[in-house]
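Working notes for the structure below.
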Amino acid sequence: MSHQQACSWKLLTEWLAGAYLPKHLAEAARKAIFSAKPVQDPRFPERPDFPPCALLDESVYHSHLSMLYYIEFMDYVDEDDPPYYLKYVFENLVFHRRKAASHATSQYIAHFTYHAITNSSLRAQAPARADTAHYASPIMQVCPWITMSTDLSTKKPGNPYYLWSIPQNKTVELKALPDSKPRYTCISHTWGRWLDADKVAVQGVPWLIPTNKIFEVRKIPEILSTYKSKIPTDYVWLDLICIPQTREGELGKRAKREISCQADIFTGSSHCLAWLNYIDIWAAEESSVWWLSFQYLYLSTAPGLYKVEEYLAALWAGCNDNPLRLTRHPDHRKYLGQDAFPVRMSAAPASNDSLWRRLTRRSPMVAPDKPRSEDFSEPSPWFSSLWTLQECCFCPHMTLMSRSFEPLLDLSGLPLTLERLISLTTETTALMKPRDQSDPMFDSLFRGRQLHLVPKDRYNAYPMGVSLLTNLMVDTQLRTSSSITRTSILAQGNMRHCSSRRAEAIMSVVDIRDWFQPDASRSQSDETDLVLGVYPLAFVREAARKLGPEFVMARKLDGSPTHSNGYVRGPLRGSMLPFDSIHPVTKRVTRDIKMHVFQAIDVQWNKAFSWWEFTPEGSVVMQRAAVLGERLSGGAAVHVPVVVNISWQEQAGERGMRDEILVPLQQWLQERPSRFWTFAVNVSRQLGIVLQGLRIPLVGDSVPCQLVKIGCYEIIENEDLPDCDNWVETQDNDWVPMREVNWIAL
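Encoded structure:
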C-alpha cells in the first residue's frame, strides 16, 4: 500500500475498533456495514449511504470516517469515464482522507484528554505502544513534488554527509559507518538572529562554529550527551555540527551541497525534533490543548456523549491568564536578551502540580493590568524563521521540545507533534465559526459542523492561550502537510525572518535547485541580481517555470495607482509575484500575501508563457497573451461567454479582496471603471489573471502598456452551454488563442 492508503487503513481499523470513541458508535458502524440495507443519499443518488442505525449524527469524527469508508471501498469509476472525472474522483478521495485524518487526530487527543481529566470509567483502549510510530509520522505524503537530490561527488542520493554520533561524541562521515543507512534524528532550531562575530572550536567537530547568544555552542556535545535519553537515536543531524560552517575551500563546497540536500536529509530521518531552546516549560500549551480538547468534544458530539460542560469553565480559567511560550513571552528574555515584552508575569504552574490544580490555578500577575493576547501575539523565534518553515514542511510530524528536551505531550503520553497541534486547533476553531442555520444545507451536510450550537455571543470566544495559538496558526499560515503547495510555501515565507540568502533557506522544500551550483567558483547563491531584493533572478525564473500557473495566483493587495505618475514613478510592485520586498530591519514582508483557493487546479502554463520575461525589478515583460476578455473604451468583449469565480482588488488602498461567485465574465468586465483598461488573461486552461492599467495615450508601438495584476479568476462553465457542467475540462490547455501584445506587468 502507499503511505496514504496505509494511513487510511489505520484510521478505519481504529474507528471500527472503537479505539478512541464510545464503543456503541463503533458497534453501530460495524452493524451498518454488515447490514444489507444501505440507503440512498438524495444529494448523491449514485452512492448509497450508511443506514440510520450507524448513528452518524452523534459525532463529526464518526461521520467523517463513515464517509472515508465509502469513498475508499465504493467503486465510483467506470472504464469509459473521461480523464477529468478520474482526476475529480482522486482529488475527492485525497480531500476526504485529509479531513478524516485531521478529525481522527483531534478526536484522539480530545478523547484521552477527557478521560484523563475526568477519570471517567467510560474508556476506550489506547493504541498499543508499538503503534505510536503511526502518530509520529506525517498524516499524508509530505511534499510529493520533491525529487531526490544527487551528490555530484558520489553520484548517489543526497543523504547527509555528516552525522553526530552521541556514543562517540563526535561528527562522523556517513560513508565511514558500518551501516550505510543508519537511523538518525534531525534537530531543528534557530540561531541566526543571535549570531556573534566569533567562531570557536568545538570538541569532536572538524570546523569552527559561530557563537550565538542563545546557548553556548561549546556545550553542544554535552547537551546531546546529557539528554540522550530524550533523543530516539544514537545519531543526530544538527546543522552547526553537520554542515561545515564555512563558504571557503572544499568544506565550503560540501556545505553548499548539504544545504541543497535538505529535503533528503529531513525526509530521510527516523525522527525530527524542534528544539525550542528558549522555552523551559509547557504549562500554558498543555492547558490550551486541554481546553481545545473539551471544546472539540462539546461541539462535535451529541449532547450527553461526553459530559464536558461542567469542566469547560475551569479549563478556561486554567489557560486564560497564562500566555503561551510558543509566542513571545517575558520568560524568553533570559535566553534571547530581548526586553520588548510589555507584561511581566510570575512563574507558571509547575509541570509536577496535580492535574486538577493546574487546571484551576490562575497565574497571579505582577503587572496590575490583566494581560491581553495582543501583547504576546508575535510568533516566537522558531515559528518566525524561514529556515524552520522549510523544515516543518519536510517533517510536520516533528516533536516540539523544550530547552531541556522535554517533549510537549498529550495526556495519553504521545507527542503533540506540530501537525497534531495544527489539526486540533484548526478543527476546533472551525467548529466554533458561525453558520447560517437558515440554509437547508446546514442540517443535511452535518459532516464537519458542530452538533452543539454555540450561542452567538460565544463565537470566537477563546481563552487567551487558545487565542494566541489560533493567531499563531493564522499569522504563520501553518497548515497540515496535505494542504500545502509550493507557491503557498513561498507566500508563507514572506512572513518569516531570514538575515540573508533567502533562496537557500527555502529552495529545497519548493524543489527549485537548478539555479544553485555548489561547485561553481562564484556560486549563483551570492546576493546579487535579486528580484525585489529577495530572491535571485535565476531562482525566480526557475520557480515560475516549474511551479506553473499557481506562481501568479497570489492574493496580493496592491496600491494600484490612480494617476499616470504612479505607474511610471511608483515603487516596485511585483504584482505578478508571490513575494514582496523585505523590510530592512525585520527581514520579512510587511504585506499579507495568501494564495487563492483555486490556485492548483491546473499545473500547465498556457503556451503564451514562453513569451514572458521576469525582470530584476519584479515586473513581467509580455509579448504574447491569451486574452479571454477585455474592457476598453468601447466596452467589454470576451472570446467565449464564460462564467467565472473571481477575486480582485477594486480600488487602491483597499484592505481586502472582493469575491464574486458564478458571474458572467463579460458582465464583470463591463462593470469596471471606464478610466482603466482591464484584461482577463488565461494562464492555463481554467485559471486566469486580471491585468489593469490607466488609459494613457501611448507614443508609438515601442512604449509598453503598463499594467498591474489586480485579481485572479477560475473558469466554471460556458454561458451558452449551461447544461454542460464539465465544459471547461474538455477544452485544450491553449483553447484561448494567443495574440501579440506589448505589455509590462508591474
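Just so you know, our numbering puts 550 at position 510 of the sequence shown, and the rest follows in order with no gaps.
Here a beta-carbon is modelled for each residue, glycine too, at the ideal position from N, C-alpha and C.
Computed from a predicted model, the values in this text were never measured in an experiment.
At 4 residues or longer, what runs of the alpha helix (DSSP H) sit wholly inside the stretch 259 to 327?
Here the runs fully enclosed are 260 to 266, 279 to 282, 289 to 300, 302 to 307.
Is it the case that the stretch 141 to 154 contacts the stretch 45 to 60, given that we only count it when at least three CB pairs across the two stretches are under 8 Å?
Output reads yes: the stretch 141 to 154 touches the stretch 45 to 60.
Give me the Cα-Cα distance between residue 663 and residue 446, rounded to the nearest whole angstrom.
Counted from its first residue, the sequence shown places residue 663 at position 623. Counted from its first residue, the sequence shown places residue 446 at position 406. Answer to the nearest angstrom: the Cα atoms are 58 Å apart.
CB-CB under 6 Å to residue 328, same chain, minus the five flanking residues each way: which ones, in chain order?
The sequence position of residue 328 within the sequence shown is 288, counting from 1. Cβ within range, chain order: 359, 505, 506, 509.
In three-state terms, what does DSSP make of residue 452?
The count along the sequence shown starts at 1 and reaches residue 452 at position 412. Here residue 452 sits in coil by DSSP.
Is residue 401 helix, strand or coil when you go by DSSP?
Along the sequence shown, one-based indexing puts residue 401 at 361. Residue confidence is low: residue 401 scores 46 on pLDDT, short of 50, so the model does not pin down where it sits. No coordinate-derived value is stated.
Pick out whichever of 282, 272, 243, 182 has its Cα sitting closest to the Cα of residue 214.
As a working mapping, residue 214 is identified with position 174 in the sequence shown. Of 282, 272, 243, 182, the residue nearest in Cα terms is 282.
State the DSSP-derived secondary structure class of residue 201, mapped to helix, strand or coil.
The residue labelled residue 201 in the question sits at position 161 within the sequence shown. In this structure, residue 201 counts as coil in the three-state DSSP scheme.
Pull up the distance between the alpha-carbon of residue 733 and that of residue 618, whole angstroms please.
Taking the first residue of the sequence shown as position 1, residue 733 is located at position 693. Taking the first residue of the sequence shown as position 1, residue 618 is located at position 578. Straight-line Cα distance between these residues: approximately 20 Å.
Going by CA-CA distance only, name the one from 551, 111, 704, 99 that's closest to residue 89.
Along the sequence shown, read from residue 1 onward, the residue named residue 89 stands at position 49. Of 551, 111, 704, 99, the residue nearest in Cα terms is 111.
Straight-line CA distance for residue 363 to residue 665?
Here residue 363 refers to the residue found at position 323 when the sequence shown is read from its first residue. Here residue 665 refers to the residue found at position 625 when the sequence shown is read from its first residue. When rounded, the distance between both Cα atoms is 52 Å.
Taking only the alpha-carbon atoms, compute the straight-line gap between residue 674 and residue 418 and give it to the nearest angstrom.
Residue 674 sits at position 634 when you count from the first residue of the sequence shown. Residue 418 sits at position 378 when you count from the first residue of the sequence shown. About 50 Å.
Can you tell which of 681, 554, 715 has its C-alpha closest to the C-alpha of residue 672?
The residue you call residue 672 lines up with position 632 of the sequence shown. Taking only the C-alpha atoms, the option nearest residue 672 is 715.
When we look at the beta-carbon of residue 790 and count the other beta-carbons within 10 Å, is it buried (16 or more) or exposed?
Outside the displayed range of the chain (41 to 786) lies residue 790, so it cannot be described from this structure.
If you compare alpha carbons, which of 293, 126, 460 is closest to residue 201?
Sequence index remark: in the sequence shown, residue 201 carries index 161 (1-based). For the residues 293, 126, 460, the minimum Cα distance to residue 201 belongs to 293.
Do residue 312 and residue 225 have their CB atoms nearer than 8 Å?
Translated into the one-based positions of the sequence shown, residue 312 becomes position 272. Translated into the one-based positions of the sequence shown, residue 225 becomes position 185. Contact: yes.
Only counting the same chain, and skipping five residues up and downstream in sequence, which positions put a Cβ closer than 7 Å to that of residue 574?
As a first step, residue 574 is located in the sequence shown; it is residue number 534 there, counting from the start. Cβ neighbours of residue 574 beyond the five flanking positions: 542, 619, 621, 622.
Starting from residue 515, trace the alpha helix (DSSP H) both ways and give me its first and last residue.
On the sequence shown, residue 515 is found 475 positions in, with the first residue counted as 1. Unbroken alpha helix (DSSP H) run through residue 515: 504 to 515.
Could you check what DSSP says for residue 552 in three-state terms: helix, strand or coil?
One-based indexing of the sequence shown puts residue 552 at position 512. Coil, per DSSP.
What is the DSSP secondary structure of residue 721, reduced to helix, strand or coil?
For the purposes of this step, residue 721 is taken as the residue at position 681 of the sequence shown. If DSSP states are grouped into helix, strand and coil, residue 721 belongs with the strands.
Given a cut-off of 8 Å on the beta-carbon distance, is the pair residue 365 and residue 325 in contact?
Here residue 365 corresponds to residue number 325 of the sequence shown, with the count starting at 1. Here residue 325 corresponds to residue number 285 of the sequence shown, with the count starting at 1. Yes, the Cβ-Cβ distance between residue 365 and residue 325 is below 8 Å.
Take the Cβ of residue 728 as the centre, count every other Cβ of all protein chains shown within 10 Å, and call the residue buried at 16 or more, exposed below.
The count along the sequence shown starts at 1 and reaches residue 728 at position 688. When all chains shown are included, residue 728 counts as buried.
Between the alpha carbons of residue 516 and residue 75, how many angstroms are there, rounded?
Here residue 516 corresponds to residue number 476 of the sequence shown, with the count starting at 1. Here residue 75 corresponds to residue number 35 of the sequence shown, with the count starting at 1. Rounded to whole angstroms, residue 516 to residue 75 spans 47 Å at the Cα level.
According to the Cβ coordinates, are residue 42 and residue 108 closer than 8 Å?
Here residue 42 refers to the residue found at position 2 when the sequence shown is read from its first residue. Here residue 108 refers to the residue found at position 68 when the sequence shown is read from its first residue. No. Outside cutoff.
In whole angstroms, what separates the C-alpha of residue 711 from that of residue 755?
To locate residue 711, count along the sequence shown from 1; it is residue 671. To locate residue 755, count along the sequence shown from 1; it is residue 715. Cα to Cα, residue 711 sits roughly 18 Å from residue 755.
According to DSSP, what are the bridge partners of residue 716?
Against the sequence shown, residue 716 aligns to sequence position 676. Residue 716 pairs with 734.
Assign residue 196 to one of three DSSP states: helix, strand, or coil.
Within the sequence shown, numbered from 1, the residue matching residue 196 stands at position 156. With a pLDDT of only 46 at residue 196, under the threshold of 50, the placement of this residue in the model should not be trusted, and no figure is reported.
Answer yes or no: does any C-beta atom of chain B fall closer than 8 Å to that of residue 785?
The displayed structure is made up of one protein chain only, and chain B is not part of it.
Residue 429 and residue 319 - do their beta-carbons sit closer together than 8 Å?
For this step, residue 319 is matched to residue 279 along the sequence shown. For this step, residue 429 is matched to residue 389 along the sequence shown. Their beta carbons are not under 8 Å apart, which means residue 319 does not touch residue 429 by this criterion.
Sorted by chain position, which residues of the same chain lie with C-beta nearer than 7 Å to residue 243's C-beta, five sequence neighbours on each side aside?
Position 203 of the sequence shown, counted from the start, is the residue given in the question as residue 243. These residues qualify, in order along the chain: 261.
Thinking C-beta only, is residue 468 closer than 8 Å to residue 336?
Mapped onto the sequence shown, residue 336 falls at position 296. Mapped onto the sequence shown, residue 468 falls at position 428. Cβ atoms of residue 336 and residue 468: closer than 8 Å.
Sorted by chain position, which residues of the same chain lie with C-beta nearer than 6 Å to residue 550's C-beta, five sequence neighbours on each side aside?
As a working mapping, residue 550 is identified with position 510 in the sequence shown. Correct list, in chain order: 526, 529.
Would you say residue 752 and residue 636 are within 8 Å of each other, going by their C-beta atoms?
Here residue 752 refers to the residue found at position 712 when the sequence shown is read from its first residue. Here residue 636 refers to the residue found at position 596 when the sequence shown is read from its first residue. In this structure, residue 636 lies closer than 8 Å to residue 752 by Cβ.
Apply the 10 Å Cβ neighbour rule to residue 253 and answer buried if 16 or more other Cβ atoms are within range, or exposed otherwise.
For the purposes of this step, residue 253 is taken as the residue at position 213 of the sequence shown. Answer is exposed; the Cβ neighbour count stays below 16.
Could you have a look at residue 778 and say whether DSSP puts it in helix, strand or coil?
Locating residue 778 in the sequence shown gives position 738, where the first residue counts as 1. In this structure, residue 778 counts as coil in the three-state DSSP scheme.
Are the CB atoms of residue 782 and residue 722 within a distance shorter than 8 Å?
As a working mapping, residue 722 is identified with position 682 in the sequence shown. As a working mapping, residue 782 is identified with position 742 in the sequence shown. For residue 722 and residue 782, no; Cβs fall outside 8 Å.
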